[in-house]
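**Student:**
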Amino acid sequence: MQITLNGETHQLEEGQSVADLLEQLQLAGKRLAVEVNEEIIPKSRHTTQRLQANDRVEIVHAIGGG
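Here the sequence shown is numbered in this note's numbering, starting from 114 and rising by one per residue.
1) In the DSSP assignment, find the beta strand (DSSP E) that holds G140 and state where it starts and stops.
2) Near A175, which residues of its chain fall below 7 Å by C-beta distance, leaving aside the five closest residues on each side in sequence?
3) So V170 packs on V149, CB below 8 Å; how close in whole Å?
4) May I ask which residues mark the beginning and end of the beta strand (DSSP E) holding I172?
5) Do you know how far the Cα of G177 is from the Cα of I116?
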């Protein structure tokens, strides 16, 4: 299936979760925010939130500063 990831087309297998996508992108365990179709997905839902064809996913890395 096809999704839009940070503005670019990305291919995924059917039924993958947000956590699966993060693992595939080697981002698992990193500080980041994930938005699917303009809804922020809390980390507690990453394993249960299934991605669908044509979803729009944005991943933003959290950067500390001070």
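C-beta atoms are modelled at their ideal positions from N, C-alpha and C, and glycine is treated no differently. Predicted, not measured: the structure shown is a model, and the values here were computed from it.
**Tutor:** So, from the listed chains and residues:
1) For clarity, residue 140 is Leu in the given sequence; the question names Gly instead. Counting along the chain, L140 falls outside any beta strand (DSSP E), and DSSP gives it neither H nor E.
2) R144, L145 and A146
3) 5 Å
4) R169 to H174
5) 29 Å
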